[in-house]
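Everything on this sheet refers to the single structure shown next.
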Amino acid sequence: MDLAGLPCIAQSDDELSELSCVAGFDDDVCIAGRESTDIDCCFEDRRRAEAAKAPAKRRPSQQRLASSASRVLAFSRLTFSVADRRTRRERRLLDDVGARCDRATTTAVMGPSGSGKTTLISLLTLRAPRGRATGRVTLGGLALTQRRFRRLCFVVNQDDELWPTLTPREQLRHATQLFAAAGADIEPGRAEEIIDRLGLASCADTFVGHALVPGGLSGGQKRRLSIGVALVKQPVAAFLDEPTSGLDAAASLHTMAFVRSLAKDEHLIVVATIHQPSTKVFLDFDTLLLLSEGRVAYSGAASSAAAAFEGLGHVLPPLTNPADFLLDVV
Numbered sequence: 001m002d003l004a005g006l007p008c009i010a011q012s013d014d015e016l017s018e019l020s021c022v023a024g025f026d027d028d029v030c031i032a033g034r035e036s037t038d039i040d041c042c043f044e045d046r047r048r049a050e051a052a053k054a055p056a057k058r059r060p061s062q063q064r065l066a067s068s069a070s071r072v073l074a075f076s077r078l079t080f081s082v083a084d085r086r087t088r089r090e091r092r093l094l095d096d097v098g099a100r101c102d103r104a105t106t107t108a109v110m111g112p113s114g115s116g117k118t119t120l121i122s123l124l125t126l127r128a129p130r131g132r133a134t135g136r137v138t139l140g141g142l143a144l145t146q147r148r149f150r151r152l153c154f155v156v157n158q159d160d161e162l163w164p165t166l167t168p169r170e171q172l173r174h175a176t177q178l179f180a181a182a183g184a185d186i187e188p189g190r191a192e193e194i195i196d197r198l199g200l201a202s203c204a205d206t207f208v209g210h211a212l213v214p215g216g217l218s219g220g221q222k223r224r225l226s227i228g229v230a231l232v233k234q235p236v237a238a239f240l241d242e243p244t245s246g247l248d249a250a251a252s253l254h255t256m257a258f259v260r261s262l263a264k265d266e267h268l269i270v271v272a273t274i275h276q277p278s279t280k281v282f283l284d285f286d287t288l289l290l291l292s293e294g295r296v297a298y299s300g301a302a303s304s305a306a307a308a309f310e311g312l313g314h315v316l317p318p319l320t321n322p323a324d325f326l327l328d329v330v
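Per the UniProt record's numbering, the sequence shown starts with residue 1, numbered consecutively.
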């Protein structure tokens, strides 16, 4: 790759190189976390130069994204293919998928089984399995590399990854120490602030617990605590994998209302995969990315999705959950 004349940090999508590689083999470009060594050095030189001028401790790229109106997660022409073991032919799991997720918004990624939801989130979180990936992913106008992802993003997995013998307060303080040791600029008292935001003050000193230990936190409380661990890092974008999985209707509604308020208050970009949400949970999302057989069936406001399909001849029946209706249509 010829880097002559390439700015150290691209200022627009046109200046970003096309991401295209066979995951795990090509080191010249970056997708699923691969990036050029020369570009690494270029970013590092620019980072050090800006760090000398930057106030306080906030990292330059974090500072720019936090204050910029262009704080957007954007991806375009994402395609992912694997080799079929039986036929030895290429099979596409994603085909020309693209969308944008703005700050202070929540985006639902929906689709029936096999639609490509998991593959898409794997690409966006730079954890793609072995295969051929092409496309472009940017955060705040900058190519999303492994280094930038670790610094500015967080993934909350479907299974709560919490220490059962720690309390929520201990869990958050431990996370604070780990992120601070890794170089994150954590505000004093962040753990206590998050406990209040999570609504966990009444159980802040209760063991998290697990299936083999009686008592402990409820499913909804554990899910909120998992999200709270992400908040300690003060990320720009958070990716939630099935945040309502295993929760009852009330806990699901409470959890997603909490996530929506966090997105607004913290100016977070939230992207969540979700399966068969209730009507209230579905309408709590700002935008919807609906996938079908690896392609985009709809991308836009969640509240307008049913009307868009009505224009194509698919009318939402009365008293029907729009999320169920959309999944049936695709």
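Just so you know, even glycine gets a beta-carbon here, dropped at the ideal spot from N, CA and C.
C-beta contact flag for residue i and residue j at 8 Å
i: threonine 138; j: alanine 74; result: yes
i: alanine 238; j: valine 315; result: no
i: valine 97; j: valine 296; result: yes
i: serine 252; j: valine 281; result: yes
i: valine 82; j: glycine 131; result: yes
i: residue 339; j: leucine 94; result: The chain is shown only over 1 to 330; residue 339 falls outside these bounds and no answer can be derived.
i: isoleucine 195; j: alanine 201; result: yes
i: proline 112; j: leucine 327; result: yes
i: threonine 167; j: threonine 206; result: yes
i: proline 235; j: leucine 152; result: yes
i: phenylalanine 285; j: alanine 230; result: no
i: glutamate 266; j: serine 226; result: no
i: isoleucine 269; j: arginine 147; result: no
Same chain, Cβ closer than 7 Å to residue i, neighbours up to 5 away in sequence not counted
i: tryptophan 163; result: Gln171, Val208
i: tyrosine 298; result: Leu288, Leu290, Ala305, Ala308
i: residue 374; result: The structure shown has nothing for residue 374, since the chain only spans 1 to 330.
i: alanine 204; result: Thr167, Pro168, Arg169, Ile195
i: glycine 220; result: Leu247, Ala251, His254, Thr255
i: alanine 249; result: Ser278
C-alpha gap between residue i and residue j, whole angstroms
i: threonine 287; j: lysine 264; result: 14 Å
i: alanine 272; j: arginine 88; result: 33 Å
i: aspartate 13; j: histidine 174; result: Caution applies to aspartate 13, whose pLDDT of 38 falls short of 50 and renders its modelled position unreliable; the model cannot decide the point.
i: arginine 92; j: serine 76; result: 16 Å
i: threonine 165; j: aspartate 84; result: 44 Å
i: valine 213; j: lysine 222; result: 15 Å
i: aspartate 241; j: glutamine 158; result: 5 Å
i: glycine 216; j: histidine 254; result: 19 Å
i: methionine 256; j: isoleucine 274; result: 11 Å
i: alanine 302; j: serine 115; result: 18 Å
i: alanine 143; j: glycine 135; result: 11 Å
i: phenylalanine 149; j: valine 109; result: 20 Å
i: leucine 319; j: phenylalanine 179; result: 47 Å
i: glycine 300; j: histidine 210; result: 39 Å
i: glutamine 276; j: cysteine 101; result: 21 Å
i: glutamate 310; j: glycine 183; result: 51 Å
Per-residue burial, residue i [other beta carbons within 10 Å of its own, 16 or more giving buried]
i: glycine 294; result: buried
i: alanine 133; result: buried
i: alanine 181; result: exposed
i: proline 243; result: buried
i: leucine 247; result: buried
i: leucine 78; result: buried
i: proline 188; result: exposed
i: threonine 107; result: buried
i: arginine 86; result: exposed
i: leucine 65; result: Because leucine 65 sits at a pLDDT of 47, beneath the cut-off of 50, its placement in the model cannot be relied upon, and the following sentence gives the value as read from the coordinates. The residue in question, leucine 65, is buried, as its Cβ has 16 or more Cβ neighbours within 10 Å.
Nonlocal neighbours in the same chain, by C-beta distance under 6 Å from residue i, ignoring five residues either side
i: leucine 198; result: Arg224, Gly228
i: phenylalanine 325; result: Leu316
i: valine 330; result: Ser292, Ala297
Own chain, CB closer than 8 Å to residue i, minus 5 neighbours either side, in chain order
i: glutamine 90; result: The sequence given here has glutamate at residue 90, not glutamine. For glutamate 90, where only same-chain residues beyond five positions count, the Cβ hits under 8 Å are Ser81, Val82, Ala83, Asp84, Arg132.
i: alanine 191; result: Arg169, Leu172, Arg173, Ala175, Thr176, Val232
i: threonine 118; result: Thr273
i: leucine 262; result: Arg197, Ile227, Leu231, Leu268, Val270
i: serine 218; result: Ala251
Could you name each continuous beta strand (DSSP E) segment of 3 residues or more that falls completely within the segment 197-260, going from the start of the chain to the end? 237-241
Point to revise | Within the segment 102-189, ranges of the alpha helix (DSSP H) (whole runs, at least 4 residues) | key: 117-124, 146-152, 168-181
- Query: At which residue ranges does the segment 274-327 contain complete beta strand (DSSP E) runs of 3 or more residues, listed in the order of the chain?
  - Reply: 287-292, 295-301
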